[in-house]
Structure formats: structure tokens, C-alpha cells
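J.: Those sequence lines, one after another, are chains A and B. Residue 116 in the working numbering sits at position 85 of the first sequence, with consecutive numbering throughout. Residue 183 in the working numbering sits at position 152 of the second sequence, with consecutive numbering throughout. Don't be surprised by glycine CBs; every beta carbon is placed ideally from N, CA and C. These figures come from a predicted structure and were not determined experimentally.
Protein chains: 2
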Amino acid sequence: MRKKIIIVEDNKDVQEAFKLLIETKTNDYSVINTYDNCEDALSNLKSDLPDIVLMDIDLPGMNGIEGTRQIRQSLPKTDILIISVHENSQYVFDALCAGATGYITKNSNHTQLLKALDEVSAGGAPMSTHIAKLVVKSFRRESESPLTGRETDVLNLLAEGKSYMDIADQISVSKDTVKFHIKNIYLKLQVSNKIEAVTKAKSEGFI
Amino acid sequence: MRKKIIIVEDNKDVQEAFKLLIETKTNDYSVINTYDNCEDALSNLKSDLPDIVLMDIDLPGMNGIEGTRQIRQSLPKTDILIISVHENSQYVFDALCAGATGYITKNSNHTQLLKALDEVSAGGAPMSTHIAKLVVKSFRRESESPLTGRETDVLNLLAEGKSYMDIADQISVSKDTVKFHIKNIYLKLQVSNKIEAVTKAKSEGFI
DNA sequence: TGTTGTACTACCCATAAGGGTAGTTTTAAT
DNA sequence: ATTAAAACTACCCTTATGGGTAGTACAACA
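Okay, here's the thing in C-alpha cells:
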């Protein structure tokens, strides 16, 4: 049985192009409905029961990211493939955080789009090279923290404005130990005071 | 002589609708060119020499906000009126920061659009009620800072990780004066150390 | 004219913070 | 069993920080 697809896209031409492409070039998918806004798509969701949603981001009314969030809540097993003109990191991360399965750009060619559908069906997460780089970079950053667990704890408390003594009490070690950790934090972050350490750690995503 | 208008809008229908509206309903404006992306508009800017640019935000390639910035640089006296579907604060502020003269939403009716053009010509800054509220709110927040100018300067330097001495040198006052300002900052923000002061001031938008 | 807000200077004092050095213990990997 | 990293404790010393108090100078405002 063919996988059911719905398209949420406010540009009629793009909508038709995708539909035509999917209906003619493959036998594995069938576009059962198209919508030009999230609201309409959501109200028919329970009757459509799509396997895959092709979702635009810039939509009148509710945007595609919020739409993604709501579809996810309603049908957690449905895959949502974002097809957007935006390649900036914020959109990509927001979309992925909202529960999008993949994120490809509108300038992708036909082969790439169909490949993306197959990837989604196979449990993959298709995204363009550029997008993939952004995502990889974000993950690398998260795991790249040079700080040990303890140091991260200390730095978080420092960021709250706590004194060495406060921190010592809170994590049940001596004041000198806190000092020791902070000295190491400064070394690793190449800074020499609390403010710089907190600012740098925040900007690098360590805390 | 009629004011020269160019339209930057990727949707042909909207483009045509605006053009028709302006050409038929008024004698004060004339649409001399339409573009569906910023790049094309920019390359003809010096020959078009428009008085007013009607600018969409979601455009293929360069977005309308960046486009606004570049048109401003090239023709500072040209007014740019953003016509967008987005009503969220970030877009509005980014657009206004980029140098947009006004910001109206696409669901504005014909009368409102023409009124906006007249307002722009008269040196005004047309925006919908909702948008205006956002802007007003942002200004209220900005002027709500309890800190004096000097205190704000000091706090900004403090936020960079500078010591009292560093700050004193930088703003050419004594270390004790810096201390004095910082004491007042702590009082006003109800905090008792640098980190808390910086964190609070940042979250409240004072720095 | 006097008041108020802002900016500034100058002390005192106790504690916090930053930097150096020297170790022990725990835990995880080889 | 050995090593290495992480976590921890302790001491020294100097400077930075924060809090208190007491003033002066100047411009805006009533």
C-alpha cells in the first residue's frame, strides 16, 4: 500500500509541482490532500492520517514550525519533512526541535526530493549538505565542552552569582576545592575572572 | 510629478494587485518596476531611483530585511515600506533596525495601503495597530531602565569582565567613582555582586 | 533661590577572588 | 596492575570586591 502524503504549502504552483512529481515519478506514495495553511491541515488530520507531511515554513497564519509541533502531538508516528527556502540555523533548529524528521531546501531537485521521501520512509533524516553541516556543528559544540561534569556544575552556580563559599556548601566540598575547579575552568576557557568565564561558557554553549 | 515606486515581491499575483491598485486609485504614485527578488531590484536601483520601495520579507535569495539594509545604504533618502505576512516582533524590529520606514501586514485593505503610502510621503511611519503596539512596548522597555547613562556604561564594561581599575581607566574617572556607580547599580537592581547585576540587567534589557 | 538628580572623589574595613604550589583519593581505562 | 584523568584538600600571598560614610561640583527644574 502506498504511503499517504499531505502537502502544506501556500504557493499553488509549488504545491502542484510536488504533487505531480510524486504521483508520476513513484508508485510508493500518494498525495491524498494539499493545504495552503496549517490550520486546515490540522483540522483534517485525523481523517487524512498521513504517513508523511511535506511542510513549508512561511505560511499565512500558523507557521510551519508551530504546525509541525502540533501535528507531532496529534500524530506522533507521522513524519514531517520541512521544505523551506530558509537555510539559516535558527529555522533549522527550531524545526528539528519542533519534531521535524528532515529539512530540505526548496531548490532541491526532483531526484533529491524523492530520495528524501525514501529516506524518511526508511527511518532516516534527510537534509541537504548545508543543513547537515549546521546540525553536525551544533552537536559537536554540545559535546565539545572541555569542562568536566564537576566544573560545569561549579560554573553554573557561579553563573547564578554564588560566591565560592555558597558553591562549596551547595555541592558539599571545601571552599578550596571550589577554588581549584574555578582555576581549572579559567585555564580551559582562557579567562581570568567570573564574568568572562560565564560569558564565554554561555556563548560556547557549555552551560 | 508622481512619486516613483518599485515593488519587490515574489508572488506575481500580489505584485500585480499592488500595481493595479496604485495605478488606478491614485494619481500621486507610479509603479515604475516590479521585481521578484532583492538582487534584481538592487542591480537596477541606480537607474530606477525610486522614491518608495514596497518590500516583501520572504523572498527567494536575499530576504527583504537584508534587502532593506542594502537599499538604505545605496539610497538613504528612499523610503522602504515593508509589506509582510509576519506580525511577530522579531521580524518587525529587524526590519525597522534595517532601516524600514513602515511595516504593514499583507492583510491590510486597499485603503490602508494607500493611506500608508501617503503617510510615508508625508514623512510618517505607517504601521498596523498590532505592530505599533509591539514597537511602543519595546520602547517602553528600553526607556524603563532605572540606570543612568553613566551607570549603564559602567555596567556594560563590567559585563565584559573588566575590573574596577580597567573601567576607571576606560571612562577616565577614579576607581572609587566606578565603585560608587556599581554600588548604586546594585541598589537599583537589588543585587549584590557583578554576576547577578550583569545577568539581571541583560534579562531586563538594560544592557 | 533652593532643591533634586547625576557625576564625581576619597577615605575605612572586612571579605571575596585569583594565582601559585603541593599534595591525596577515586574512578575509569589500558 | 599501572596509568591517567578527575575530584578533592590545604596552605600561601596579593589584589579585587562590596559595603559604609562623607563629602564636592554642576546642570536642570520648580
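Return the CA-CA distance between residue 220 (chain A) and residue 101 (chain A), expressed in angstroms with no decimal places.
T.: Translated into the one-based positions of the first sequence, residue 220 (chain A) becomes position 189. Translated into the one-based positions of the first sequence, residue 101 (chain A) becomes position 70. Roughly 40 Å separates the two Cα atoms.
J.: Just the Cα atoms here: how many angstroms apart are residue 179 (chain B) and residue 216 (chain B)?
T.: Along the second sequence, read from residue 1 onward, the residue named residue 179 (chain B) stands at position 148. Along the second sequence, read from residue 1 onward, the residue named residue 216 (chain B) stands at position 185. Roughly 9 Å separates the two Cα atoms.
J.: Just to confirm before moving on: does the CB-CB distance between residue 132 (chain B) and residue 116 (chain B) stay below 8 Å?
T.: Numbered from its first residue, the second sequence carries residue 132 (chain B) at position 101. Numbered from its first residue, the second sequence carries residue 116 (chain B) at position 85. Contact: no.
J.: Could you work out which residue in B:137, B:68, B:149 and B:76 is closest to residue 90 (chain A) when comparing CA atoms only?
T.: Stepping through the first sequence from its first residue, residue 90 (chain A) is reached at position 59. Residue B:137 is the option with its Cα nearest to residue 90 (chain A).
J.: Quick one: what does DSSP say residue 25 (chain A) is sitting in, helix, strand or coil?
T.: A query on residue 25 (chain A) cannot be resolved here, the shown segment of chain A reaching from 32 to 238 and no further.
J.: Check whether the Cβ of residue 126 (chain A) lies closer than 8 Å to any Cβ atom in chain B.
T.: One-based indexing of the first sequence puts residue 126 (chain A) at position 95. Not closer than 8 Å to any Cβ of chain B, the Cβ of residue 126 (chain A) fails to qualify, so no.
J.: Mind listing the chain A neighbours of residue 220 (chain B)? Cutoff is C-beta to C-beta under 8 Å, in chain order.
T.: Here residue 220 (chain B) corresponds to residue number 189 of the second sequence, with the count starting at 1. Neighbours of residue 220 (chain B) on chain A: none; closest Cβ ~11 Å, over 8 Å.
J.: Residues of the region 190-201 of chain B with a CB closer than 9 Å to any CB of chain A: list them in chain order, please.
T.: 190, 191, 192, 193 and 194
J.: Once the 5 residues before and after residue 53 (chain B) are set aside, which same chain residues still bring their CB inside 6 Å of it?
T.: For this step, residue 53 (chain B) is matched to residue 22 along the second sequence. The answer, listed in chain order, is 60 and 62.
J.: Give a yes or no on whether 8 Å exceeds the smallest Cβ distance from residue 215 (chain B) to chain A.
T.: Mapped onto the second sequence, residue 215 (chain B) falls at position 184. It does not: the Cβ of residue 215 (chain B) has no partner Cβ on chain A nearer than 8 Å.
J.: Spell out whether any CB of chain B is found under 8 Å from the CB atom of residue 89 (chain A).
T.: One-based indexing of the first sequence puts residue 89 (chain A) at position 58. Yes, residue 89 (chain A) counts as interfacial toward chain B.
J.: Which partner residues does residue 50 (chain A) have in the DSSP bridge list?
T.: In the first sequence, residue 50 (chain A) corresponds to position 19, counting from 1. DSSP output for residue 50 (chain A) lists no bridge partner at all.
J.: Pick helix, strand or coil for residue 198 (chain B), following the three-state DSSP scheme.
T.: Numbered from 1 along the second sequence, position 167 holds the residue referred to as residue 198 (chain B). Three-state DSSP puts residue 198 (chain B) in a helix.
J.: Which residues mark the beginning and the end of the alpha helix (DSSP H) in which residue 215 (chain A) is found?
T.: One-based indexing of the first sequence puts residue 215 (chain A) at position 184. Note, residue 215 (chain A): alpha helix (DSSP H), 206-220.
J.: Please confirm whether residue 6 (chain A) and residue 80 (chain A) have their CB atoms less than 8 Å apart.
T.: Beyond the ends of chain A as shown, which are 32 and 238, falls residue 6 (chain A); an answer cannot be given.
J.: Flag residue 187 (chain A) as yes if its beta-carbon sits less than 8 Å from any beta-carbon of chain B, otherwise no.
T.: The count along the first sequence starts at 1 and reaches residue 187 (chain A) at position 156. So no, residue 187 (chain A) is outside the interface.
J.: What are the start and end residues of the alpha helix (DSSP H) that includes residue 95 (chain A)?
T.: In the first sequence, the residue the question calls residue 95 (chain A) occupies position 64. Run containing residue 95 (chain A): 95-105, per the alpha helix (DSSP H) assignment.
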